[in-house]
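Under the working numbering, the first residue of the sequence shown is numbered 6, with each subsequent residue one higher.
Glycine included, every Cβ here is placed at the ideal spot set by N, Cα and C.
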Amino acid sequence: NIPGALHLSVLRSPFAHAKIKSIDVSAALKIAGVVAVYTGKDLQSAWAAPMPCAWPVTPDMKNPPHYPLASDKVNYVGDGVAAVLATNETASRDALDAIDVEYEALPAVVDLEDALSDKNIIHKDLGTNKSYTWPLLVEETPGCVADAFKKAKYKVKERYVQQRLIPMAMEPRAIAAVPQPFGGDITLYSATQIPHILKVMTALTLGIPEQQVRVVAPSVGGGFGSKLDVYAEELLCMALARKHNTPVRWVEERSENTQATIQGRGQIQEIELAADDKGKITAVRVRIIGDMGAYLQLVTPGVPLLGAFLYAGVYDIPKAYDFSCTSVFTNLTPTDAYRGAGRPEATYAIELAI
6 NIPGALHLSV LRSPFAHAKI KSIDVSAALK IAGVVAVYTG KDLQSAWAAP MPCAWPVTPD
66 MKNPPHYPLA SDKVNYVGDG VAAVLATNET ASRDALDAID VEYEALPAVV DLEDALSDKN
126 IIHKDLGTNK SYTWPLLVEE TPGCVADAFK KAKYKVKERY VQQRLIPMAM EPRAIAAVPQ
186 PFGGDITLYS ATQIPHILKV MTALTLGIPE QQVRVVAPSV GGGFGSKLDV YAEELLCMAL
246 ARKHNTPVRW VEERSENTQA TIQGRGQIQE IELAADDKGK ITAVRVRIIG DMGAYLQLVT
306 PGVPLLGAFL YAGVYDIPKA YDFSCTSVFT NLTPTDAYRG AGRPEATYAI ELAI
């Protein structure tokens with residue numbers, strides 16, 4: 006509870022994919038207690054760089070720029086459209102209902118195989134929904150995987166769909182940004198699992214020296230990986246606190262937790278086992294499609310790849326392993342690390358296949 010703090014609320018898109026035709030904030034500004042309302046275009050100059058993705062898994066990985074508020078198009082339900090600052094939390098949330106946004110709905114891509122087909126492309130500038138393809142081939146001798154499957158007495162081939170999971174900690178995310186009266190220093194209080202990384206990444210995004218940012222992680226509560234990220238609300242609080250030279254705070258609502266906090270899993274797995282006449286496994290082949298969601302968050306692209314090294318499980322498998330992951334963008338909340346981060350999915354697949 007910071008005396009004099011302004012309360013931030015974020016208007017979120019009800020559409021998974023839509024153009025923003027217009028935003029009228031005039032009625033919201035008339036509500037008692039409302040100090041300011043900002044759209045994505047209003048804050049474009051506040052960002053020195055897009056929100057960070059710190060894990061480029063391939064040299065040609067596609068990473069669309071992602072900013073704390075959408076400007077021209079929303080790409081998932083929960084995508085931020087406008088930010089309200091008010092002297093109290095009630096006024097800031099009431100003002101959200103007074104903002105009039107005109108949308109033009111676009112086809113939403115929510116199925117991974119549909120995304121891979123590129124029938125409807127989410128980020129037109131990329132020309133594809135595919136972010137990357139990452140292979141891992143481990144062979145004792147060249148061609149031994151294909152040879153093992155050709156000679157196999159027994160073969161198993163299974164397809165599994167790993168549904169998305171919402172981390173849903175009892176304790177929601179909460180943030181407060183407190184600027185110093187002079188000098189440009191700012192303290193960010195955040196229920197984060199990564200205060201040191203958050204310090205660096207917020208400084209880069211805002212374009213301010215790292216030594217001017219102090220991050221404090223007080224009572225974090227449950228995280229399960231979902232608080233191991235750099236979020237739009239942290240950047241909004243910091244940017245608006247600096248703009249108004251006053252503390253700005255934000256507390257996540259439960260509905261926001263299901264839309265704006267990262268989600269876990271989201272894969273289609275195909276696993277093949279080859280075995281000889283005694284049932285000994287001679288080779289393993291894995292193909293997966295990874296769901297990145299609408300954007301790449303801090304370590305989103307690397308999460309499916311962490312499982313690549315666990316598909317052998319606890320079994321005596323020779324050096325005959327062929328893995329490949331193709332990850333795609335969808336009109337869904339971004340995914341990222343959650344409870345094992347890609348590794349439980351691998352264990353699930355090999356155990357069921359066995």
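Could you pull the DSSP bridge partners for residue 140 from this structure? By 1-based counting over the sequence shown, the position of residue 140 is 135. In DSSP, residue 140 forms a bridge with 329.
Within 8 Å, do at least three Cβ pairs link the segment 140-151 to the segment 244-261? No: the two stretches stay apart, fewer than three of their Cβ pairs being nearer than 8 Å.
Tell me the rounded alpha-carbon separation between residue 28 and residue 44. On the sequence shown, residue 28 is found 23 positions in, with the first residue counted as 1. On the sequence shown, residue 44 is found 39 positions in, with the first residue counted as 1. One alpha carbon belongs to residue 28, the other to residue 44, and they sit about 8 Å apart.
Would you tell me roughly how many angstroms separate the C-alpha atoms of residue 272 and residue 7, rounded to the nearest one? The residue you call residue 272 lines up with position 267 of the sequence shown. The residue you call residue 7 lines up with position 2 of the sequence shown. The straight-line gap from Cα to Cα measures roughly 42 Å.
So the alpha helix (DSSP H) residue 99 belongs to, where does it begin and stop? In the sequence shown, counting from the first residue as 1, residue 99 sits at position 94. Run containing residue 99: 94-103, per the alpha helix (DSSP H) assignment.
At 4 residues or longer, and completely inside the segment 265-326: list those alpha helix (DSSP H) runs for me, N to C. Within the segment 265-326, the complete alpha helix (DSSP H) runs of at least 4 residues are 308-311.
Which partner residues does residue 14 have in the DSSP bridge list? The residue given as residue 14 occupies position 9 in the sequence shown. For residue 14, DSSP records a beta bridge to 89.
To the nearest angstrom, how far is it from the Cα of residue 211 to the Cα of residue 241? Reading the sequence shown from its first residue, position 206 is the one you call residue 211. Reading the sequence shown from its first residue, position 236 is the one you call residue 241. Linking residue 211 to residue 241 through their CA atoms gives a straight-line distance of about 10 Å.
Kindly list the residues whose CB is nearer than 8 Å to the CB of residue 324, restricted to its own chain and excluding five residues on each side of it in sequence; keep chain order. Against the sequence shown, residue 324 aligns to sequence position 319. These residues qualify, in order along the chain: 143, 144, 145 and 149.
By DSSP, does residue 195 sit in helix, in strand, or in coil? Translated into the one-based positions of the sequence shown, residue 195 becomes position 190. Strand.
Presumed contact (8 Å Cβ cut-off) between residue 253 and residue 13, rounded CB distance: Within the sequence shown, residue 253 is the residue found at index 248, counting from 1. Within the sequence shown, residue 13 is the residue found at index 8, counting from 1. With a Cβ gap of about 5 Å, residue 253 and residue 13 count as contacting.
Considering only the alpha carbon of each residue, which of 19, 351, 90 and 108 lies closest to residue 294? Counting from one through the sequence shown, the residue named residue 294 turns up at place 289. Nearest of 19, 351, 90 and 108 to residue 294, Cα basis: 351.
Using only alpha-carbon positions, find the residue among 346, 353 and 328 that is nearest to residue 319. Numbered from its first residue, the sequence shown carries residue 319 at position 314. Of the listed residues, the one whose Cα sits closest to residue 319 is 353.
Classification of residue 22 by the beta-carbon crowding that lies within 10 angstroms, buried from 16 upward: Along the sequence shown, read from residue 1 onward, the residue named residue 22 stands at position 17. With 16 or more other Cβ atoms within 10 Å, it is buried.
For residue 256, I'd like the list of residues in its chain whose CB is within less than 6 Å of its CB, leaving aside the five on either flank, ordered along the chain. Working through the sequence shown from its first residue, we reach residue 256 at position 251. Cβ neighbours of residue 256 within its own chain (closer than 6 Å, five residues either side excluded): 179.
Could you tell me if residue 245 is buried or exposed, where buried requires 16 or more neighbouring beta carbons within 10 angstroms of its beta carbon? As a first step, residue 245 must be located in the sequence shown, where it is residue number 240. The residue is buried, with at least 16 neighbouring Cβ atoms inside 10 Å.
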